[in-house]
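Colleague: This is the structure I have questions about; it appears just below.
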Amino acid sequence: MKIFILLILLSSQAMAIYDQDDRVDLYKLNDSKLRQLSKAVAFQIYKDELRGWTFQRYWTIVTRPLSARGVCENERFADQPTMRNDCSGILVGPKTLLMPGHCITEHYCWNDLFYFMFNYHQEDGSALNLERHKDNFYKCEKVIKRVYDPSTAVSFALIELNREVKGIKPVNISKNINIGNETELLVVGHPNGLPQKIARDAFVTDENKNHFLVNSDIGGASKGSAVFNLETYELEGMLISGSKDFEVSRSGCKRALTYPMSEAKELGIKSSVIFE
222 MKIFILLILL SSQAMAIYDQ DDRVDLYKLN DSKLRQLSKA VAFQIYKDEL RGWTFQRYWT
282 IVTRPLSARG VCENERFADQ PTMRNDCSGI LVGPKTLLMP GHCITEHYCW NDLFYFMFNY
342 HQEDGSALNL ERHKDNFYKC EKVIKRVYDP STAVSFALIE LNREVKGIKP VNISKNINIG
402 NETELLVVGH PNGLPQKIAR DAFVTDENKN HFLVNSDIGG ASKGSAVFNL ETYELEGMLI
462 SGSKDFEVSR SGCKRALTYP MSEAKELGIK SSVIFE
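Residue numbering for the sequence shown follows the working numbering, starting at 222 and increasing by one per position.
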């Protein structure tokens, strides 16, 4: 199976596009159920990208535009703010977060090297609000379970946050062993550290017991992106890696590669493996 070719490939930029670019910002979603699912996906932010003291009510997010990371200025979202990290987490319990095992360690958790931020998305077409109440940020309290085996590409972690997340409903978990290639999927993540993006029209093109390949415009390099079943609204899995998804243009900037829908290169791990 071609899926094994991608087991240990990790991409540094999440810019692959399949057919046409289906990524949208949260505010463009009209479906309330899809908005609810999307809000359960948090961004893992480096502590040093926050400015503020613990006694202050509001902290400032430090960002730079996507174009400043070498992406061509005429690429989609090139003018939007980004942060350095490319890992997300999914709320699966009142204060339990699911994320790839290669995005967190006990050392990271104990030393508060990262925070987790929900609602990192555009409210409308205007500039992102960079000042956030400190209650928007959560710490890792402990690592409940972590599996990271590069030889088999089984990578996931369940972590406990320092407090319950209020106002956001944890996702429902799929028990499907096989997803199938006719199931339309919704992928939610933060490619290249951008404000949250949502992409529909994604399908599995190959799968085995543990993994699946999906043709999502939110690439596997957006590690921890949630993969939902659009019929059941359940979490089928999360993205953990992808393959080469950009090229350097003649002018020296990065441009997204475009692939046919049949050539899925984004690797996900199944919920049935994580919660077996």
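For glycine and all other residues, C-beta sits at the position ideal for the given N, C-alpha and C.
1. Measuring alpha carbon to alpha carbon, tell me which of 475, 420, 340, 367 ends up nearest residue 260.
2. If you check the beta carbons only, do residue 478 and residue 467 fall under 8 Å apart?
3. Could you pull the DSSP bridge partners for residue 450 from this structure?
4. Nearest CA to the CA of residue 379: which residue from 320, 408, 345?
5. State the start and end residues of the unbroken beta strand (DSSP E) segment that holds residue 256.
6. Nearest-angstrom Cα distance between residue 232 and residue 463?
7. Helix, strand or coil: how does DSSP classify residue 351 here?
8. How big is the Cα-Cα spacing for residue 489 and residue 301?
9. What are the partner residues of residue 266, as DSSP defines its beta bridges?
10. How far does the alpha helix (DSSP H) with residue 188 in it extend, from its first residue to its last?
11. Quick check: what's the CA-CA separation for residue 408 versus residue 388?
12. Do residue 417 and residue 342 have their C-beta atoms within less than 8 Å of each other?
13. Counting C-beta neighbours from all protein chains within 10 Å, is the total for residue 452 16 or more, i.e. buried, or is it exposed?
14. Between the beta-carbon of residue 440 and the beta-carbon of residue 484, is there less than 8 Å?
15. Helix, strand or coil, according to DSSP, for residue 401 in the structure here?
16. Take the Cβ of residue 345 as the centre, count every other Cβ of all protein chains shown within 10 Å, and call the residue buried at 16 or more, exposed below.
17. Looking at the unbroken alpha helix (DSSP H) that takes in residue 495, where does it start and where does it end?
18. By the three-class DSSP mapping on this structure, what secondary structure does residue 411 have?
19. Taking only the alpha-carbon atoms, compute the straight-line gap between residue 245 and residue 251 and give it to the nearest angstrom.
20. Taking the continuous beta strand (DSSP E) assigned at residue 281, which residues delimit it?
21. Any idea if residue 374 is buried or exposed, counting beta-carbon neighbours within 10 angstroms, 16 or more meaning buried?
22. Run through DSSP, which three-state label would residue 501 get?
23. Bridge partners for residue 314 per DSSP, in chain order?
24. For residue 392, which option in 492, 303, 247, 291 has the closest C-alpha, if you only look at C-alpha atoms?
25. With distance defined between alpha-carbon atoms, name the residue in 288, 348, 382 nearest to residue 363.
26. Buried or exposed: where does residue 174 fall if 16 or more other Cβ atoms within 10 Å of its Cβ makes it buried?
27. Given a cut-off of 8 Å, decide if residue 448 and residue 435 are closer than it, judged by their beta-carbon atoms.
Modeller: Let me spell this out:
1. 340
2. For residue 478 and residue 467, yes; Cβs fall inside 8 Å.
3. 406
4. 320
5. Element bounds for residue 256: not the beta strand (DSSP E) but the alpha helix (DSSP H), 253–260.
6. Unreliable positioning characterises residue 232 in this predicted model, as indicated by a pLDDT of 43, which lies under 50. A coordinate reading is not provided.
7. In the structure shown, residue 351 sits in coil (DSSP, three-state: anything other than H, G, I, E or B).
8. Spanning the two alpha carbons is a distance of roughly 26 Å.
9. DSSP output for residue 266 lists 336 as bridge partner(s).
10. Because the chain here runs from 222 to 497, residue 188 falls outside it and cannot be looked at.
11. 21 Å
12. yes
13. exposed
14. no
15. coil
16. Looking at its Cβ environment, which holds fewer than 16 other Cβ atoms inside 10 Å, residue 345 is exposed.
17. 492–495
18. coil
19. 11 Å
20. For residue 281, the uninterrupted beta strand (DSSP E) run begins and ends at 279–282, by DSSP.
21. buried
22. For the chain, the structure presents residues 222 to 497; residue 501 sits outside this window and is missing.
23. Answer is 317, bridged to residue 314.
24. Nearest C-alpha to residue 392: 492.
25. 382
26. Because the chain here runs from 222 to 497, residue 174 falls outside it and cannot be looked at.
27. In this structure, residue 448 lies closer than 8 Å to residue 435 by Cβ.
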